[in-house]
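Structure, as structure tokens:
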Amino acid sequence: MTAYVEQLRASSPDEFPDFDPLDGGVEARMLFLLEKPGPMTSASRTGGAGSGFISRDNDDPTAEAIFDFMRKAGIPRRETVFWNMIAGWNGTRKVTAREVREGALETLRLVRLLPRLRAVVLVGKRAERAYPLLAAEAFSLSSSVHPSPLVRASQETSWRRIPEDWRAAYRALANL
Numbered sequence: 264m265t266a267y268v269e270q271l272r273a274s275s276p277d278e279f280p281d282f283d284p285l286d287g288g289v290e291a292r293m294l295f296l297l298e299k300p301g302p303m304t305s306a307s308r309t310g311g312a313g314s315g316f317i318s319r320d321n322d323d324p325t326a327e328a329i330f331d332f333m334r335k336a337g338i339p340r341r342e343t344v345f346w347n348m349i350a351g352w353n354g355t356r357k358v359t360a361r362e363v364r365e366g367a368l369e370t371l372r373l374v375r376l377l378p379r380l381r382a383v384v385l386v387g388k389r390a391e392r393a394y395p396l397l398a399a400e401a402f403s404l405s406s407s408v409h410p411s412p413l414v415r416a417s418q419e420t421s422w423r424r425i426p427e428d429w430r431a432a433y434r435a436l437a438n439l
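Whatever position you read off the sequence shown (first residue = 1), add 263 for the working numbering.
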């Protein structure tokens, strides 16, 4: 997976975070596909204040919510890997239609690097755009709202339901 990130870095000026080494890596059975990395994934090597990882341990409200929701859902960390459909941080939260198209296609390349993958959770509306491409793959596919403070402010009921949604996705692994 390190080589995958290095290939992305070689092909774009965007900053690509590393996968969290405390998560499951290639042994993960669940991929949580979020939308786009934020500034707290931006490593100090490029002047950012972040960790350089896509991680539930990052110092931001979304990561804090993910950490809490995973605990509430009862999903072991080693079963999971987190990534973003739009994998690179380019200094803005703005997302273009081109980024969404390219990100959805790139997601196919990523899932093929995860031999034990049995479930993908599309986290957020932009990540859900990968659904048509991933639906033909051999894993369970589900979705949830994004765990960001913006979603919490506008869709609090759905935001609070995230642990239940993720728990259901984890339980689906038993049926595969």
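For glycine and all other residues, C-beta sits at the position ideal for the given N, C-alpha and C.
Buried versus exposed call for GLY337 [16 or more other C-beta atoms within 10 Å across all chains shown]: exposed
In three-state terms, what does DSSP make of ILE317? Looking at ILE317 - three-state DSSP - the assignment turns out to be strand.
I need the straight-line Cα distance from THR309 to GLU278, nearest angstrom please. Here THR309 scores only 47 on pLDDT, less than 50, and its place in the model is too uncertain to base an answer on.
Report yes if the CB atom of LYS299 is closer than 9 Å to the CB atom of ARG389, and no otherwise. yes
Report all residues from its chain with a CB closer than 8 Å to the CB of GLY288; omit the five preceding and five following residues, and keep chain order. MET264, PHE282 and VAL344
Cα-Cα separation, ASN353 to GLU400: 29 Å
Please say whether ALA382 and ALA432 have beta carbons closer to each other than 9 Å? yes
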